[in-house]
DNA sequence: TCTAAAATGATAATAATTATCATTATTGCG
DNA sequence: CGCAATAATGATAATTATTATCATTTTAGA
């Protein structure tokens, strides 16, 4: 794998925008400063970085795949109203995996937990 | 909402094929016996039935949305090799929700848990 | 039986993502 | 340094999953 300026910019953009953006959103965030970078390159590099575990790919929240610069194991809360994504600490998962493994007999390697509800902002605005 | 023969067939197909099929797969399963039914009708009815909580929509496993005739709360295990989907009992979730709510202060209404690993078939075949 | 509302099939449109391919950039070596 | 091999890029076509459109057909109730 070779260095590329574009990859560096894409990663930096993701790090500076910790809002779990989609590929499209990363592209939009870049585009003002770096109008030359193509959407295909954004997709390519986000997928590459995710394969290398430099960043994390999140599916199953809404329509599009989102990307997260935070590779520490953690989970996500999606607001059912505004669709903002919040991080939730990991501590719960190991106990859950152990329990699920015991109950099902499956060889569980990892787990994704997606929580849903109304976020604080949407609750107070109601 | 009015009765339709197509909806009945679509639901029956899903019940008789508890493999968490995608809309496309439901369509393929139907098509041999009922070549008249259109793919659009399959999508429409799966979404309708999911809104009415007669069936359940599962996103975030792989690429496409899957459908599950089992509406009892439960979770899913996806084999990283063969991508088959297994059901996992619900018991773990309430404790997890309580713990996550306590830690994060978020108003959690529901949670989806997706477990990953190698399924028994793929383990023995290795 | 008649009519309004809902559902259908066929297909166009959209959205997200991946593939293609000619051109450009990076890297390591002589 | 300069050059070849390899990887990455930009532009865009292609693909996949899904939703929208709309004329026609079904359903259900008066």
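Residue numbers (this note's numbering), protein chains in the order written: chain A, 3 to 128; chain B, 3 to 128. The beta-carbon is built from N, C-alpha and C at its ideal position, and this holds for glycine as well. Because the structure is a prediction, the values reported are computed rather than measured.
Sequence-distant residues of its chain with Cβ nearer than 8 Å to residue i (five each side left out)
i, result
"residue 73 of chain B", "55, 56, 57, 58"
"residue 84 of chain B", "121, 123, 124"
Assigned exposure category for residue i - 16 Cβ within 10 Å defines buried
i, result
"residue 29 of chain A", "buried"
"residue 21 of chain A", "exposed"
"residue 165 of chain B", "The shown model of chain B, from 3 to 128, leaves out residue 165 of chain B, and the question about it has no answer."
"residue 42 of chain B", "exposed"
"residue 65 of chain B", "exposed"
"residue 129 of chain A", "An answer regarding residue 129 of chain A cannot be provided, because it is not within the stretch 3 to 128 covered by chain A."
"residue 126 of chain A", "exposed"
Beta carbon of residue i nearer than 8 Å to that of residue j
i, j, result
"residue 105 of chain A", "residue 91 of chain B", "yes"
"residue 71 of chain B", "residue 89 of chain B", "no"
"residue 48 of chain B", "residue 12 of chain B", "yes"
"residue 25 of chain A", "residue 61 of chain A", "no"
Own chain, CB closer than 6 Å to residue i, minus 5 neighbours either side, in chain order
i, result
"residue 115 of chain A", "77"
"residue 80 of chain B", "63, 87, 118"
Close Cβ partners of residue i (< 7 Å) along its chain, the five nearest in sequence each way excluded
i, result
"residue 186 of chain B", "Outside the displayed span of chain B (3 to 128) sits residue 186 of chain B, for which this structure offers no information."
"residue 113 of chain B", "95, 98, 99"
"residue 38 of chain B", "none"
"residue 36 of chain B", "11"
"residue 51 of chain B", "13, 57"
Where the stretch 98-117 of chain A meets chain B: residues whose CB sits under 7 Å from a CB there: From the stretch 98-117 of chain A, only 98, 101, 102, 105, 106, 108, 109, 110, 111, 112, 113, 114, 115, 116, 117 have a Cβ closer than 7 Å to chain B.
Continuous beta strand (DSSP E) assignments of at least 3 residues falling wholly in the stretch 7-74 of chain A: The qualifying runs are 58-60, 68-70.
Residues from the stretch 13-43 of chain A in contact with chain B, defined by Cβ distance under 9 Å: Cβ contacts with chain B come from no residue of the stretch 13-43 of chain A.
Every unbroken alpha helix (DSSP H) inside the stretch 92-118 of chain A [4 residues or more]: 94-106
Short-range partners of chain B found in the stretch 68-81 of chain A, where Cβ spacing is below 8 Å: Of all residues in the stretch 68-81 of chain A, 77, 79 have a Cβ within less than 8 Å of some Cβ in chain B.
Against chain B: residues of the stretch 84-99 of chain A by CB proximity under 9 Å: 88, 89, 90, 91, 93, 94, 95, 97, 98, 99
Residues in the stretch 46-57 of chain B having any Cβ partner in chain A nearer than 7 Å: none
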